[in-house]
Amino acid sequence: GETIGILGGGQLGRMLAMAAAQLGYRSHVYAPEPDSIAAEVCGGFTRAEWDDAEAMARFAADCAVVTYEFENVPVPPLAALGTVPLLAHPRALETAQDRLNEKRFVETLGGKPAPYATVDSTEDLAAALATIGTPGILKTRRDGYDGKGQWRIMTPADAHGLDLPDVPLIYEGFVTFEAEFSVILCRGADGDIRYWDSAENVHKGGILALSTVPASALIQDQLAHARALARQVADALDYVGVLTLEFFATADGPVFNEMAPRVHNSGHWTIEGAVTSQFENHVRAICGLPLGDTALAAQRVEMRNVIGDAAEDWPKILSDPANHLHLYGKAAARPGRKMGHVTRLTLC
Ligand code: ATP
Ligand code: MG
Ligand code: MG
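What follows is the structure, encoded as C-alpha cells:
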C-alpha cells in the first residue's frame, strides 16, 4: 500500500495511523517531539522542527498524501511538501489557526460567534471590557488548546495586573449557554458530506471531560442550523476530510465557538459507537475512497477523557463489557494532560 503522511504526533495521529493500517496504508509521522506516541504505531517517523524545509521535503517524498492531526502547524514551511497533496487544504489551516480569522470567516457565512474584540494593548483591553462587558474570556488568537492561553475575566478588576504574553489576543463575551455540542462531518473528495450524531460535551477547566450521544432535545433542535453552517464552511474551503465545529446551545440558538480542521476529541466515541469512525472516514476521504456510514451503532454512547494522573482501576473498568478503554501510552501524566479515554456503550 501507499503511505499517508501525518503532521503531528499525538493521540489523534495515533488513532489515524491505526485506522490507516486497517485499510492497508502505512503512515509516516512528522513531529518535533522525541516521544511521539503516534510514531510508535507507524512505519516511519521524522523528528524535525516545523520549519525544517529539507526534512519536510524528505518526509513528503515518502507520502502519497499528507494530512494533519494538529492545526497549529506553521503554514509557510508546508510549501516544502511540493506536489504532494495536503488535505484538508492549507486554507482550512490558515482560517482555523487564528481565532479572529475563524470568527470573521464564519460570520461571512451567516454564523454567530460570541461578541468579540481584538486586544493588542492594555488600552484595547479596557476598550473591549467597556464595549463587551464582563464576564468574558481573553484568549490568545493562536496556538491555544485545552483551555491554554485563556484568562477568565469575571469583573473589570480581574483585568488589572494580568501577566499577558506579547502576542495578539481576543476578548470574547461569556456566552450563557444551556449546553455545548460539536458538529463533526466528513467531506469526501467528491463533495459528499456525512455527519455523525452530535455529542453533548461537558468541559472542566477548559478541557473536554465528557461527550454523550444522543445529545439533549435542546441540542437536537439546533442541529439543522448548526449543520447547515458546518456544511457551508466545508464547501467554502473545498474541504476534504473530517471537520469539527464547536457550538454553545443557547436559548437564542447555536452560537459558534471554534472550528478544528481535523478529527476531534468529541468524536472519539465513533470508534465503537458509530458504524464508521471519524478516523476511518478521514483516511477514506484523503485517499479518495467512498465514505463509510456514520450512523450511531448503539442506543447511547458516553466517552470520558482520562486526564492527568488520577488513579484509575483499569481491570475494574475492563471487566465491564460496556466499557472500551483507550490508553495513549504517554509516559508522563502532567496535570491536565489527556492520557486516554473510556467509551461506554449502551446497546439497543
Ligand atoms: P480545544 O481546542 O481543546 O477545544 P480551546 O483551548 O481552543 O480548546 P475553547 O474551545 O476556546 O478552548 O474554550 C474551552 C471551553 O471554555 C469551551 O468549550 C467552553 O466550555 C469555555 N468557553 C470558551 N469560550 C467561551 C465563551 N465565550 N463563553 C462561555 N464559555 C466559553
Ligand atoms: Mg480550540
Ligand atoms: Mg474548544
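In full-length UniProt numbering, the protein residues as written are 5 to 352. Glycine included, each C-beta is placed from N, C-alpha and C at the ideal position. Here the structure is a predicted model, which is why all the values come from computation and not from measurement.
Check whether residue i and residue j have beta carbons under 7 Å apart
{"i": "R288", "j": "Y243", "result": "no"}
{"i": "T248", "j": "A228", "result": "no"}
{"i": "V88", "j": "A57", "result": "no"}
{"i": "Q101", "j": "E75", "result": "yes"}
{"i": "A234", "j": "V179", "result": "no"}
{"i": "R103", "j": "I174", "result": "yes"}
{"i": "V310", "j": "G344", "result": "yes"}
{"i": "A221", "j": "E204", "result": "no"}
{"i": "C67", "j": "G115", "result": "no"}
{"i": "S215", "j": "M307", "result": "yes"}
{"i": "I290", "j": "T71", "result": "yes"}
{"i": "F185", "j": "I141", "result": "no"}
{"i": "E284", "j": "A23", "result": "yes"}
{"i": "E53", "j": "V79", "result": "no"}
{"i": "T50", "j": "R30", "result": "no"}
{"i": "A230", "j": "F252", "result": "no"}
{"i": "A118", "j": "G177", "result": "yes"}
{"i": "G245", "j": "H272", "result": "no"}
{"i": "L113", "j": "Q236", "result": "yes"}
{"i": "R145", "j": "P172", "result": "yes"}
{"i": "A96", "j": "A61", "result": "no"}
{"i": "A193", "j": "G292", "result": "yes"}
{"i": "D313", "j": "A337", "result": "yes"}
{"i": "T254", "j": "F181", "result": "yes"}
{"i": "T347", "j": "W200", "result": "no"}
{"i": "V69", "j": "L11", "result": "no"}
Continuous beta strand (DSSP E) stretch holding residue i: start and end
{"i": "P78", "result": "Here P78 belongs to no beta strand (DSSP E), and DSSP marks it neither H nor E."}
{"i": "F181", "result": "Run containing F181: none; DSSP gives neither H nor E here."}
{"i": "T216", "result": "211 to 217"}
{"i": "R304", "result": "304 to 311"}
Sheet register partners of residue i (DSSP bridge)
{"i": "H328", "result": "T347"}
{"i": "M263", "result": "L249"}
{"i": "Y199", "result": "L189"}
{"i": "Y175", "result": "A121, L142"}
{"i": "Y72", "result": "L11"}
{"i": "G257", "result": "T254"}
{"i": "V206", "result": "L214"}
{"i": "K342", "result": "I311"}
{"i": "L300", "result": "A278"}
{"i": "L90", "result": "V70"}
Element boundaries [alpha helix (DSSP H), containing residue i]
{"i": "V287", "result": "282 to 290"}
{"i": "V237", "result": "221 to 240"}
{"i": "G153", "result": "Note, G153: premise wrong, no alpha helix (DSSP H); not H, not E."}
{"i": "G47", "result": "No alpha helix (DSSP H) holds G47; DSSP gives it neither H nor E."}
{"i": "R103", "result": "103 to 112"}
{"i": "A131", "result": "126 to 136"}
{"i": "G277", "result": "274 to 277"}
{"i": "T99", "result": "94 to 100"}
{"i": "G320", "result": "Correcting the residue identity first, residue 320 is Lys in this sequence and not Gly. From DSSP, the alpha helix (DSSP H) with K320 extends over 318 to 322."}
{"i": "E58", "result": "57 to 66"}
Any non-hydrogen atom of ligand 5 within 6 Å of residue i CB
{"i": "E250", "result": "For ligand 5, the structure offers nothing, since it holds only ligand 1, ligand 2 and ligand 3."}
Worksheet item: Taking three-plus beta-carbon pairs below 8 Å as touching, is the region 266 to 284 in contact with the region 124 to 137?
Response: no
Worksheet item: Can you find at least 3 beta carbon pairs, one from the region 89 to 97 and one from the region 117 to 134, that sit closer than 8 Å?
Response: no
Worksheet item: Is the region 36 to 46 touching the region 10 to 18 in the sense that three or more CB pairs, one from each, lie closer than 8 Å?
Response: yes
Fill in: alpha helix (DSSP H) runs contained entirely in the region 10 to 40, provided each spans 4 or more residues
15 to 26
Discussion item. When you compare the region 328 to 347 with the region 245 to 261, are there three or more beta-carbon pairs, one atom per stretch, that lie closer than 8 Å?
Written reply: no
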